[in-house]
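As C-alpha cells, the structure follows; a few thoughts come after it.
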Ligand SMILES: NC(=O)C1=CN([C@@H]2O[C@H](COP(=O)(O)OP(=O)(O)OC[C@H]3O[C@@H](n4cnc5c(N)ncnc54)[C@H](O)[C@@H]3O)[C@@H](O)[C@H]2O)[C@@H](O)CC1
Ligand SMILES: [K+]
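Numbering (UniProt numbering), first residue to last: 1 to 479.
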C-alpha cells in the first residue's frame, strides 16, 4: 500500500463525514486502536501516562485513555481546556473528567512530570504539525523520551513530519506507531508501524467529495496570472462552444481566458462575453498553417483547451495533430480533437474529456456499468499515456494509476454545451493541480453546479446556466 499524504488524508476524512461517517467516529476508532496496541505491551493495572496535544491527535489519545480505564491511566493535556482546537477532541477530554479518570492540564512546560509509567501514549502532534515542536510540546517530547516506558505514538511520532519522515531536533522515539487508515509516506518501510483500519469507507477515497475541494485555495498574496492563463483553441463551424469553455475557465478560477478562433467567427465569440480575450486568425477553420503562431501563444499561457467547436474537417484534424506533436505544455482535449490523440506522439500533458461515444471513437472501451468502466478506462488511459475523464452518470477520471469517480450531475446535463463548460473548468484546474485531480475537481464542480440549477428551476437547464453556479460549486466549508 503506498502512503497517503496528510493533505489527502484530511480530504478523505472530510469525504467520510459527507458519507455519514463522522470524524468523531473516526476518532473513536483511532483511540480504540491505540488502546489495543497498549494492551499488547502491558497488562491491566500497569501505569499508563497519556500526553495529549490540543488537536485531534490529542483527541485520539483521550479516547485511548477512556478505553484503558482498567489500567492506572493518567492524562496530561498540554494547555488549558479552552485551547483544545476541536469540539470532538474537547468532548473526549470532558468525558475523561466525567469518568473520573485522572487528568491534568499542563500550561507551564516545567510542570511536565510523567513519573515512571510502564507505558506512555504520545498524542501530542500528528499530521497537523507545522514546523519544529514549540513549547510546551518540546519539553513534553523530551520528558517522554526520558522515561523507560514503552512509547506508543498516535498516528505519527510527535516531532516527525508524516509526509517526509523528517524528524525535528526534538522528536519522540516511539516503540510502536499506530497510524490510521493507510501508512503515511514518511513512515513507509519502518517496522514499528501498525496501520489501523478506522472504518473509512473506500468510496471516501474513490468518489470525489467536498473534501477534495480543500485543494482549491486562493492564496491571498496571489497576483494576476498566478491562477492560470487558459487558452481555448476552438471555434470554426461553431461559436458557442469556445465561448462557453473560456467563460467556464474564468468561473473555475482562471485569471485570464484567451480564445483563438477564425476571423469569420471571432467577433461572434467575443460577442458572448467581454471577459474573453479573443484573438482571430484568417480563414474559415483551423488549418496547419495557423499552428506555428498558436504554439507561440500557447507557450505564453498555462493551459490550452483544444477542441470546443473546432469541427472535424480533415485540415482541422491535421492542424490538431500538428499542434499536439509540438506542444509540450498542459492541455485539455475535447470534442472533435479527441480522435487525433491516439495517433499523435506528444510530450504534452493531456486530459482528454470524451463522453462514452467519443471514447469509443478514440478506440476506447464501451461499458455501461461504472465499476466495469473504471477497470476498462484505467487500462485504456494507461495505454494512451494520458489522463482520461469519461463523462457519464458516474464520471471516471484516471491516468491508469490513480482513479477517481464523480457522482454529481444529473440527466438534465446531457444538453449541448455542458461538455464545453466541463472542458473549460478542467483547463482552469489543470493550471493548478495534477491532471487526475484537475479532472476530478472540474467534474465534481460541474455536476454540482448542474444539480444546483436543477434543484432551483427543474430540468430545462442550459449549459450557460452552469457558468453562474460554478464559483459556488468550487467553494468548500472552511472557505
Ligand atoms: N484525518 C483523519 O482522517 C483523522 C485524523 N485523526 C487524528 O487527527 C490528527 C490531526 O489532528 P489536527 O489536524 O487537529 O492536528 P494535530 O493534532 O496533529 O496537531 C495540531 C495541534 O498541534 C499544534 N501544533 C502544530 N504544530 C506545532 C508545533 N510545531 N509545536 C507545537 N504545537 C504545534 C496546533 O496548534 C494544534 O493544536 C491526526 O494525526 C490523527 O491523529 C483521527 O482523529 C482520525 C481521523
Ligand atoms: K503523535
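Quick reminder that beta carbons are idealized off the backbone N, C-alpha and C, glycines included.
Buried or exposed (CB count within 10 angstroms, at least 16 for buried), residue 406: Working through the chain shown from its first residue, we reach residue 406 at position 406. Buried: at least 16 other Cβ atoms inside 10 Å.
heavy atom of ligand 3 below 7 Å from residue 50 C-beta: By its list of ligands, the structure shown excludes ligand 3, since it contains just ligand 1 and ligand 2.
Near ligand 2: residue 446 beta-carbon under 7 Å from a heavy atom: Taking the first residue of the chain shown as 1, we reach residue 446 at position 446. No - ligand 2 has no heavy atom lying nearer than 7 Å to the Cβ of residue 446.
Whole-number beta carbon distance between residue 133 and residue 168, since they are thought to touch under 8 Å: As a position in the chain shown, residue 168 is number 168, starting the count at 1. As a position in the chain shown, residue 133 is number 133, starting the count at 1. Rounded, the Cβ-Cβ distance is 6 Å, consistent with contact.
Candidates 126, 382 and 314: closest to residue 59 by CA position: Here residue 59 is taken as the residue at index 59 of the chain shown, counted from 1. Of 126, 382 and 314, the residue nearest in Cα terms is 126.
Beta carbon proximity, residue 27 to chain B, threshold 8 Å: You won't find chain B in this structure, because it holds only one protein chain.
For residue 316 and residue 286, believed in contact at Cβ under 8 Å, the rounded distance: In the chain shown, the residue the question calls residue 286 occupies position 286. In the chain shown, the residue the question calls residue 316 occupies position 316. Sure, about 5 Å apart at Cβ, within 8 Å.
Sheet register partners of residue 72 (DSSP bridge): Within the chain shown, the letter at position 72 stands for residue 72. Residue 72 is bridged to 47.
Simplified DSSP state of residue 482, which is helix, strand or coil: Here the chain comprises residues numbered 1 to 479, so residue 482 is not present and cannot be evaluated.
Reference residue 36; option with closest CA among 236, 194 and 445: Counting from one through the chain shown, the residue named residue 36 turns up at place 36. With distances taken between Cα atoms, residue 36 lies closest to 194.
Exercise answer, beta-carbon shell around ligand 2 heavy atoms below 7 Å: Residue selection by CB proximity (closer than 7 Å to any heavy atom of ligand 2) returns 57, 122, 123, 124, 125, 126, 153, 154, 155, 156, 157, 158 and 172 in chain order.
Environment of residue 205 [buried if 16+ CB atoms lie within 10 Å]: As a working mapping, residue 205 is identified with position 205 in the chain shown. Per the 10 Å Cβ criterion, buried.
Assigned secondary structure, residue 80 (DSSP; H/G/I helix, E/B strand, else coil): Counting from 1 along the chain shown, the entry for residue 80 is found at position 80. Note: residue 80 maps to coil in three-state DSSP.
Distance, residue 202 Cα to residue 196 Cα: Walking along the chain shown from the start, residue 196 turns up at place 196. Walking along the chain shown from the start, residue 202 turns up at place 202. Between the alpha carbons of residue 196 and residue 202 lies a distance of about 14 Å.
For residue 309 and residue 258, the rounded distance between their alpha carbons: Here the question's residue 258 lines up with position 258 in the chain shown. Here the question's residue 309 lines up with position 309 in the chain shown. Roughly 15 Å between the two C-alpha positions.
Pair within 8 Å by beta-carbon distance, residue 53 and residue 137: In the chain shown, residue 53 corresponds to position 53, counting from 1. In the chain shown, residue 137 corresponds to position 137, counting from 1. Yes; because the gap between Cβ atoms is below 8 Å, this pair is in contact.
Closest Cα partner of residue 266 within the set 284, 313 and 460: Your numbering for residue 266 matches position 266 in the chain shown. If we check each option's Cα against that of residue 266, 284 comes out closest.
Beta bridge counterpart(s) of residue 224 as assigned by DSSP: For the purposes of this step, residue 224 is identified with residue 224 of the chain shown, where counting begins at 1. Answer by DSSP bridge pairing: none, since residue 224 is not bridged.
Residue environment, residue 421, which counts as buried when at least 16 other CB atoms sit within 10 Å: Counted from its first residue, the chain shown places residue 421 at position 421. That one is buried.
Residue of 441, 9 and 41 minimising C-alpha distance to residue 128: Position 128 of the chain shown holds residue 128. With distances taken between Cα atoms, residue 128 lies closest to 9.
Distance cut-off 7 Å: residue 378 Cβ against heavy atoms of ligand 1: On the chain shown, residue 378 is found 378 positions in, with the first residue counted as 1. For ligand 1, not one heavy atom lies less than 7 Å from the Cβ of residue 378.
Closest Cα partner of residue 28 within the set 78, 91, 79 and 436: Working through the chain shown from its first residue, we reach residue 28 at position 28. Comparing Cα-Cα distances from residue 28 to each of 78, 91, 79 and 436, the minimum goes to 91.
Rounded straight-line distance, which links the Cα of residue 172 to that of residue 123: In the chain shown, residue 123 corresponds to position 123, counting from 1. In the chain shown, residue 172 corresponds to position 172, counting from 1. Approximately 10 Å, taken between the alpha carbons.
Same chain only: Cβ atoms within 7 Å of residue 192, ignoring 5 sequence neighbours per side: Mapped onto the chain shown, residue 192 falls at position 192. For residue 192, where only same-chain residues beyond five positions count, the Cβ hits under 7 Å are 174, 175, 176 and 177.
According to DSSP, residues forming a beta bridge with residue 180: Sequence index remark: in the chain shown, residue 180 carries index 180 (1-based). By DSSP's assignment, residue 180 forms a beta bridge with 196.
Nearest candidate by alpha-carbon position, reference residue 474, set 87, 188 and 449: By 1-based counting over the chain shown, the position of residue 474 is 474. Here the closest residue by C-alpha is 449.
Host beta strand (DSSP E) of residue 121 (start-end): Here the question's residue 121 lines up with position 121 in the chain shown. Segment 119-123, the beta strand (DSSP E) holding residue 121.
Which residues DSSP lists as bridging residue 304, in chain order: What you label residue 304 is simply residue 304 of the chain shown in a count that begins at 1. Residue 304 has 231 and 331 as its beta-bridge partners, per DSSP.
Distance CB(residue 158)-CB(residue 141) smaller than 8 Å: For the purposes of this step, residue 158 is taken as the residue at position 158 of the chain shown. For the purposes of this step, residue 141 is taken as the residue at position 141 of the chain shown. In contact: residue 158 and residue 141 (Cβ atoms closer than 8 Å).
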